[in-house]
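A short write-up of the structure that comes next.
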Amino acid sequence: MNEVAPRLFAAYPSLESLAKAPLKKIEEIIYSTGFYKNKAKSVVNFAKTLLKEYKGKLPNTISELIQLPGIGRKTANVVLNEIHGISEGFVVDTHVKRVSKKLGLTNQTDPIKVEKDLMKVVQPDHWMDLSLYFIFLGRRYCKAHHTFCDECVLGKICPSSTQGKSAAKIEEE
Numbered sequence: 001m002n003e004v005a006p007r008l009f010a011a012y013p014s015l016e017s018l019a020k021a022p023l024k025k026i027e028e029i030i031y032s033t034g035f036y037k038n039k040a041k042s043v044v045n046f047a048k049t050l051l052k053e054y055k056g057k058l059p060n061t062i063s064e065l066i067q068l069p070g071i072g073r074k075t076a077n078v079v080l081n082e083i084h085g086i087s088e089g090f091v092v093d094t095h096v097k098r099v100s101k102k103l104g105l106t107n108q109t110d111p112i113k114v115e116k117d118l119m120k121v122v123q124p125d126h127w128m129d130l131s132l133y134f135i136f137l138g139r140r141y142c143k144a145h146h147t148f149c150d151e152c153v154l155g156k157i158c159p160s161s162t163q164g165k166s167a168a169k170i171e172e173e
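Going by UniProt numbering, the first residue of the sequence shown is number 1, and it counts up by one from there.
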């Protein structure tokens with residue numbers, strides 16, 4: 001959605017205009033994101049709900065945010081931190097799951113369970129920064145199908161690192 005947000009907000013600059021937007025127009029704008037029909041419904045219903053239930057103001061608790069259409073824990077945690085300066089949890093996306101698992105911080109695959117595991121071992125004032133750092137590491141060094149352990153700052157301490165290992169040694173493991 002990040003890629004299409006500028007076009008979406010240029011076409012519908014206010015919550016009111018977004019709430020009244022025809023679904024077909026929203027679908028056209030966000031088509032490239034995948035699942036565009038469901039996302040279009042969520043975007044319009046999000047705007048309607050925010051206007052009706054919250055007078056256009058974003059809630060400042062995770063429990064309220066996740067009640068909004070299209071908002072899950074990951075997005076709620078980002079909104080809380082970026083908009084309200086509140087950290088109620090750990091942002092867990094596919095990169096955070098992968099990096100956390102490789103670092104031995106969790107063995108879970110469910111994002112909520114991964115978040116709980118991380119919250120046990122990371123101090124709350126580091127949740128957002130570490131979430132963003134893990135996302136960066138996952139995008140740049142610890143990719144799903146190829147890792148760049150020799151370039152990663154955690155390569156020497158990561159239990160899953162291939163840094164300094166020969167191809168034969170890696171295959172043995």
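The C-beta atom is built at its ideal place from N, Cα and C for all residues, glycine as well.
Source: prediction; values computed, not measured.
Paired residues, beta bridge with residue i - DSSP
| i | result |
| --- | --- |
| T147 | C142 |
Spatial distance of residue i from residue j (CA atoms)
| i | j | result |
| --- | --- | --- |
| V153 | K116 | 25 Å |
| R140 | F148 | 8 Å |
| S166 | I157 | Residue placement at S166 is flagged as unreliable, the pLDDT there being 43, under the threshold of 50; the coordinate-derived value follows with that caveat. One C-alpha to the other measures close to 17 Å. |
| N40 | T33 | The residue asked about is misnamed: residue 40 is Ala in this sequence, not Asn. Their backbone Cα atoms lie some 10 Å apart in a straight line. |
| A76 | K24 | 26 Å |
| residue 185 | S161 | It is not possible to answer for residue 185, since the shown part of the chain is limited to 1 through 173. |
| D93 | P111 | 7 Å |
| N45 | K143 | 34 Å |
| K120 | A11 | 43 Å |
Short Cβ contact (7 Å threshold) for residue i with residue j
| i | j | result |
| --- | --- | --- |
| S100 | P124 | no |
| G56 | L15 | yes |
| P22 | T49 | no |
| S63 | V91 | no |
| V79 | F134 | no |
Best match in the options for proximity to residue i [C-alpha to C-alpha]
| i | options | result |
| --- | --- | --- |
| K52 | E82, K20, V96, Q163 | K20 |
| V43 | T61, F9, H146, K74 | F9 |
| I29 | L103, A47, P6 | P6 |
| L103 | M1, G155, K39 | G155 |
| L58 | K37, D129, H84, T94 | H84 |
| A47 | S131, P159, L65 | L65 |
| M1 | V92, N81, Q67, Y31 | Y31 |
| R98 | G89, Q108, F90 | Q108 |
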